[in-house]
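**Q** According to UniProt numbering, the sequence shown is numbered sequentially starting from 1.
One structure is given below, represented as structure tokens, and several questions about it will come after.
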Amino acid sequence: MSSLDFRNVSYSVTVGGKKNAVTKNILTNLNGVIQGGELVALIGTSGVGKTTLLNVLAGRIEGGNLSGIVRFNGKKRNKKTFKRGVAYVVQDDLLFPTLTTRETIEFAADFRLSDKDFDPQQKSDRIDDVLKSLRLAKSSDTFIGSETMKGLSGGERKRVCIGVEIVTEPHLLLLDEPTSGLDSNSSEVIVNLVKEIAVNKNIPVISSIHQPSSKIFYTFDKVILMVPESIVYFGSTEDVLDYFSLMGYECPPNENPADFLVDVLTIDTEDTENLQESLARAENLRKNWSDYVSKNGPIYLGNNGSENSLVSKGEQMELEYGELDDSPVSAKNSWFKEFNTLAKRASIRQSRDPGTLITMVGATVFIALLYGFTFFRRTKGFQAVQGRLGVLLLMATQNVFPVTLPVIPVLIQERAIMTRERNVGSYRMSAFFAAISFQFIPATLVFNIIQLTAVYFLARLQTNARKFFIYIAVYITTMLNSLGVAFVTAASTSSVRGAAVWAPLFLTLYFVYNGTLLNSKAITPGLSWIRYIDYIYYTVMALLQNEMDGLVFECPADKSIACYPDGASVIAAYSLDAQTIAECIAINLATAVGYFALAYYIMRFRNKPKYIII
1 MSSLDFRNVS YSVTVGGKKN AVTKNILTNL NGVIQGGELV ALIGTSGVGK
51 TTLLNVLAGR IEGGNLSGIV RFNGKKRNKK TFKRGVAYVV QDDLLFPTLT
101 TRETIEFAAD FRLSDKDFDP QQKSDRIDDV LKSLRLAKSS DTFIGSETMK
151 GLSGGERKRV CIGVEIVTEP HLLLLDEPTS GLDSNSSEVI VNLVKEIAVN
201 KNIPVISSIH QPSSKIFYTF DKVILMVPES IVYFGSTEDV LDYFSLMGYE
251 CPPNENPADF LVDVLTIDTE DTENLQESLA RAENLRKNWS DYVSKNGPIY
301 LGNNGSENSL VSKGEQMELE YGELDDSPVS AKNSWFKEFN TLAKRASIRQ
351 SRDPGTLITM VGATVFIALL YGFTFFRRTK GFQAVQGRLG VLLLMATQNV
401 FPVTLPVIPV LIQERAIMTR ERNVGSYRMS AFFAAISFQF IPATLVFNII
451 QLTAVYFLAR LQTNARKFFI YIAVYITTML NSLGVAFVTA ASTSSVRGAA
501 VWAPLFLTLY FVYNGTLLNS KAITPGLSWI RYIDYIYYTV MALLQNEMDG
551 LVFECPADKS IACYPDGASV IAAYSLDAQT IAECIAINLA TAVGYFALAY
601 YIMRFRNKPK YIII
């Protein structure tokens with residue numbers, strides 16, 4: 001049997017700047033014990049610290065000042081082992097819409113159940129048990145779905161989220177508002193199933209919940225009631241109304257107890273008078289609970305109304321459960337197993353998104369024909385310079401914006417799910433990064449090479465095998481850089497809207513300094529350094545040298561008309577001869593590697609949650 005106890009838990013954060021910094025208390029001196037088999041409700045109005053308390057118990061507090069003691073099975077929690085023994089169902093349903101119910105739980109099992117400990121049949125049996133226990137067997141082959149794709153109901157999606165977490169048979173289950181946005185029937189199903197998990201697996205289960213129905217409220221064994229910073233009751237749901245009645249707060253007949261309690265706990269900010277009254281009431285609730293605890297010791301109320309000492313209970317658990325395993329934790333599976341599983345999941349999702357495939361094929365054919373036939377009737381004279389330069393720049397554009405922008409929102413979604421999965425040690429970051437790169441790079445290269453080849457011959461660029469392959473190679477480096485920019489952008493922000501603003505601005509800046517809109521020798525001295533980190537600049541330089549080399553143009557007899565007599569003159573006029581083609585390709589490859597390395601660094605280290613565990 002698992003057990004969780006917490007003593008004198010306090011948490012505060014510093015808000016404001018250095019000169020006007022203020023410490024804001026979020027939790028103050030919280031105590032409690034939750035035994036295996038108990039389902040505990042966490043109730044309070046928004047902003048009182050419910051989610052913060054869950055994060056403390058889950059070991060997922062970032063920053064701030066955290067103090068006190070939290071013990072799992074009577075011992076201080078090990079940072080490495082504890083995260084794999086706790087299941088935390090967050091409020092948002094972070095699931096892939098194109099996977100089925102079974103596949104979603106299967107992948108969770110593949111990530112978190114070691115092949116050394118579970119053979120395929122054992123994993124399958126575990127998955128079947130989870131589906132059955134959550135009443136998902138009939139919808140096991142239904143897609144998760146989304147706002148734009150038909151799939152599971154809201155209640156079923158939440159049960160899948162629970163299934164993903166309990167497939168490992170955790171020792172502790174925490175849920176943040178699992179009934180949020182659900183109808184009363186779906187909410188009742190969720191709470192009843194969670195109660196069955198607590199009883200059948202004999203584990204502590206704590207769930208924050210907002211104003212449950214009377215029937216749902218009494219499904220919980222215990223309830224934690226909170227006002228800002230503080231617990232004002234932690235005990236049996238059967239005894240809570242008696243406790244509040246003794247404090248002078250009588251629940252009217254036939255009123256939902258949860259609604260009554262939330263009304264008592266609410267801080268009313270509508271006007272000054274109501275605010276002062278509700279603040280005084282909250283302080284009175286704190287004092288009553290503090291007096292009760294002072295009189296009876298640091299206790300919690302049991303289901304039978306008996307009083308148990310938190311200190312003595314903790315000491316008893318320490319003797320009963322003994323030492324936890326503090327040995328180093330190895331990865332659940334090999335790197336290649338993790339990579340293969342991630343790649344398999346990505347390929348399944350891609351195969352079920354025919355709309356994207358059709359769009360990519362259609363766009364490839366359309367652009368190839370449009371650009372190819374637009375430049376098909378080029379003149380052979382010096383005016384051909386404009387046409388050749390135009391098609392090269394347009395194809396550069398096709399390998400920048402259409403490559404970068406569609407990838408960013410997909411990566412941001414992937415990153416959100418990756419964070420959830422990494423929080424429980426599902427796989428290594430390097431395996432995820434390799435798999436996500438493998439998901440995008442091959443498909444992008446194939447479609448763009450087809451498009452580039454068609455345009456090359458339709459636009460009648462130089463029919464020379466060497467020049468053609470250089471042309472393809474240069475654009476491949478451009479594509480890799482564009483994907484690298486997408487990866488860095490997605491790693492740096494969790495907002496699709498923000499990325500949709502900053503990525504185009506960043507790429508447009510690169511186009512300004514590509515060497516054709518503004519001669520590199522005419523750039524303002526303080527800004528000239530930008531072109532040295534501009535992969536489009538090196539792309540244009542290499543392409544112009546490759547295409548213009550060896551060309552001779554017919555100049556008109558009228559000397560008043562400006563004319564480039566040959567390709568070398570064009571290259572010199574644009575000052576795009578600072579590096580050779582080989583150097584440009586090498587520089588672009590280096591910058592592409594740099595972008596991917598930076599994206600990996602941000603995902604691996606900058607975005608890695610630095611959790612405080614007490």
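Built from N, CA and C at the ideal position, the CB exists for glycine as well.
1. Hey, how far is the Cα of V194 from the Cα of R606?
2. Report the CB separation of L483 from T444 in whole angstroms; it is logged as a contact under 8 Å.
3. According to DSSP, is V86 part of a helix, a strand, or is it coil?
4. Are there 16 or more other CB atoms within 10 angstroms of the CB of A582, so buried, or fewer, so exposed?
5. Taking buried to mean at least 16 other C-beta atoms within 10 Å of its own C-beta, is W529 buried or exposed?
6. The alpha helix (DSSP H) that contains S351, what's its start and end?
7. What did DSSP end up calling F107 once you bin it into helix, strand or coil?
8. Among the candidates L131, I450 and I412, whose CA atom is the shortest distance from the CA of Q398?
9. Rounded to whole angstroms, what's the CA-CA distance from R388 to R157? Just pull it up for me.
10. Which class does D115 belong to by DSSP, given the choice of helix, strand or coil?
11. Please state whether DSSP places D566 in a helix, a strand or coil.
12. So S187 is in the alpha helix (DSSP H); what residue range does that whole segment cover?
13. Let me check one thing: in DSSP terms, what residues is Q35 bridge-paired to?
14. Look at the alpha carbon of W502 and the alpha carbon of T419, and state the distance between them as a whole number of angstroms.
15. Rounded to whole angstroms, what's the CA-CA distance from N546 to T516? Just pull it up for me.
16. Determine the extent of the alpha helix (DSSP H) in which S482 is found, giving its start and end residues.
17. T142 and T101 - do their beta-carbons sit closer together than 7 Å?
18. Would you grab the beta carbon distance between Y249 and T237 for me? Rounded to a whole angstrom, and I think it's under 8 Å.
19. Run through DSSP, which three-state label would V9 get?
20. Quick test of your reading: L175 and S207, contact by CB under 8 Å. State the CB separation rounded to the nearest angstrom.
21. Can you name the residues that DSSP bridges to E273?
22. Do you know how far the Cα of V570 is from the Cα of Q386?
23. Report the rounded CA-to-CA distance for L452 versus P406, giving the unit in angstroms.
24. In or out: G526 buried (at least 16 other Cβ within 10 Å) or exposed?
25. How would you call D5, buried or exposed, if buried means at least 16 neighbouring beta carbons within 10 angstroms?
26. Can you look up N29 in the DSSP assignment and give me helix, strand or coil?
27. Check the DSSP bridge columns for R71 and list the partner residues they point to.
28. In whole angstroms, what is the alpha-carbon distance linking G47 and P228?
29. Helix or strand or just coil, what does DSSP make of Y611?
30. Buried or exposed for residue 691, please, with buried defined as at least 16 other CB atoms from any protein chain shown within 10 angstroms of its CB.
31. Where F244 and L261 are concerned, what is the direct C-alpha to C-alpha distance, given to the nearest angstrom?
32. Whole angstroms are fine: how far does the CA of A573 sit from the CA of S520?
33. Measure the alpha-carbon distance for S184 versus E38 and round it to whole angstroms.
34. Output yes or no for whether 7 Å exceeds the beta carbon distance between P409 and V293.
35. Flag this pair as touching only if the region 63-83 and the region 119-137 have three or more C-beta atom pairs under 8 Å; answer yes or no.
36. Determine whether the Cβ of N256 lies closer than 7 Å to any Cβ atom of chain C.
**A** Considering the structure as presented:
1. Residue 194 sits at position 194 when you count from the first residue of the sequence shown. Residue 606 sits at position 606 when you count from the first residue of the sequence shown. In a straight line, the C-alpha of V194 is about 35 Å away from that of R606.
2. Reading the sequence shown from its first residue, position 483 is the one you call residue 483. Reading the sequence shown from its first residue, position 444 is the one you call residue 444. In this structure L483 touches T444 by the C-beta definition: roughly 6 Å separates them, less than 8 Å.
3. As a working note, residue 86 is residue 86 in the sequence shown. Taken through DSSP and simplified to helix, strand or coil, V86 comes out as strand.
4. Taking the sequence shown and counting its residues from 1, one reaches residue 582 at position 582. Classification for A582: exposed.
5. Counted from its first residue, the sequence shown places residue 529 at position 529. Exposed, by the Cβ-count rule.
6. Position 351 of the sequence shown, counted from the first residue, corresponds to residue 351. Unbroken alpha helix (DSSP H) run through S351: W335 to S351.
7. On the sequence shown, position 107 is the one that residue 107 refers to. Three-state DSSP puts F107 in a helix.
8. By one-based count along the sequence shown, residue 398 stands at place 398. Nearest of L131, I450 and I412 to Q398, Cα basis: I450.
9. Within the sequence shown, numbered from 1, the residue matching residue 388 stands at position 388. Within the sequence shown, numbered from 1, the residue matching residue 157 stands at position 157. About 54 Å.
10. Mapped onto the sequence shown, residue 115 falls at position 115. Coil at D115, not helix or strand.
11. Taking the first residue of the sequence shown as position 1, residue 566 is located at position 566. In the structure shown, D566 sits in a strand (DSSP, three-state: E or B).
12. Taking the first residue of the sequence shown as 1, we reach residue 187 at position 187. Counting along the chain, the alpha helix (DSSP H) containing S187 begins and ends at S184 to K201.
13. In the sequence shown, the residue the question calls residue 35 occupies position 35. Answer by DSSP bridge pairing, in chain order: S3.
14. Position 502 of the sequence shown, counted from the first residue, corresponds to residue 502. Position 419 of the sequence shown, counted from the first residue, corresponds to residue 419. Near 23 Å, if we compare the C-alpha coordinates of T419 and W502.
15. By 1-based counting over the sequence shown, the position of residue 546 is 546. By 1-based counting over the sequence shown, the position of residue 516 is 516. Each residue's Cα considered, the two are about 15 Å apart.
16. Here residue 482 corresponds to residue number 482 of the sequence shown, with the count starting at 1. A465 to S492 is the span of the alpha helix (DSSP H), which, as asked, contains S482.
17. As a working note, residue 101 is residue 101 in the sequence shown. As a working note, residue 142 is residue 142 in the sequence shown. Going by C-beta atoms, T101 is nearer than 7 Å to T142.
18. Counting from one through the sequence shown, the residue named residue 249 turns up at place 249. Counting from one through the sequence shown, the residue named residue 237 turns up at place 237. Actually they do not touch by this definition, with Cβ atoms about 16 Å apart.
19. Counting from 1 along the sequence shown, the entry for residue 9 is found at position 9. The answer is strand: DSSP assigns V9 an E or B state.
20. On the sequence shown, position 175 is the one that residue 175 refers to. On the sequence shown, position 207 is the one that residue 207 refers to. 4 Å between Cβ atoms; contact.
21. Here residue 273 refers to the residue found at position 273 when the sequence shown is read from its first residue. Beta-bridge pairing links E273 to no other residue.
22. Translated into positions along the sequence shown, residue 386 becomes position 386. Translated into positions along the sequence shown, residue 570 becomes position 570. Cα-Cα distance, rounded: 10 Å.
23. Looking up residue 452 in the sequence shown gives position 452. Looking up residue 406 in the sequence shown gives position 406. Straight-line Cα distance between these residues: approximately 19 Å.
24. One-based indexing of the sequence shown puts residue 526 at position 526. The Cβ neighbour count for G526, taken over all protein chains shown within 10 Å, is under 16; the residue is labelled exposed.
25. Your numbering for residue 5 matches position 5 in the sequence shown. Counting Cβ neighbours within 10 Å, D5 comes out buried, since at least 16 surround it.
26. For this step, residue 29 is matched to residue 29 along the sequence shown. Looking at N29 - three-state DSSP - the assignment turns out to be strand.
27. The residue given as residue 71 occupies position 71 in the sequence shown. Answer is D5 and K76, bridged to R71.
28. Here residue 47 is taken as the residue at index 47 of the sequence shown, counted from 1. Here residue 228 is taken as the residue at index 228 of the sequence shown, counted from 1. Whole-angstrom Cα-Cα distance: 7 Å.
29. Reading the sequence shown from its first residue, position 611 is the one you call residue 611. Y611 falls in the strand class under three-state DSSP.
30. The structure shown has nothing for residue 691, since the chain only spans 1 to 614.
31. Taking the first residue of the sequence shown as 1, we reach residue 244 at position 244. Taking the first residue of the sequence shown as 1, we reach residue 261 at position 261. Using only the alpha carbons, I get a separation of about 9 Å.
32. By one-based count along the sequence shown, residue 520 stands at place 520. By one-based count along the sequence shown, residue 573 stands at place 573. Straight-line Cα distance between these residues: approximately 10 Å.
33. In the sequence shown, the residue the question calls residue 184 occupies position 184. In the sequence shown, the residue the question calls residue 38 occupies position 38. Spanning the two alpha carbons is a distance of roughly 22 Å.
34. Here the question's residue 409 lines up with position 409 in the sequence shown. Here the question's residue 293 lines up with position 293 in the sequence shown. Their beta carbons are not under 7 Å apart, which means P409 does not touch V293 by this criterion.
35. Contact fails: fewer than three Cβ-Cβ distances are below 8 Å.
36. Here chain C cannot be found, since the structure has a single protein chain.
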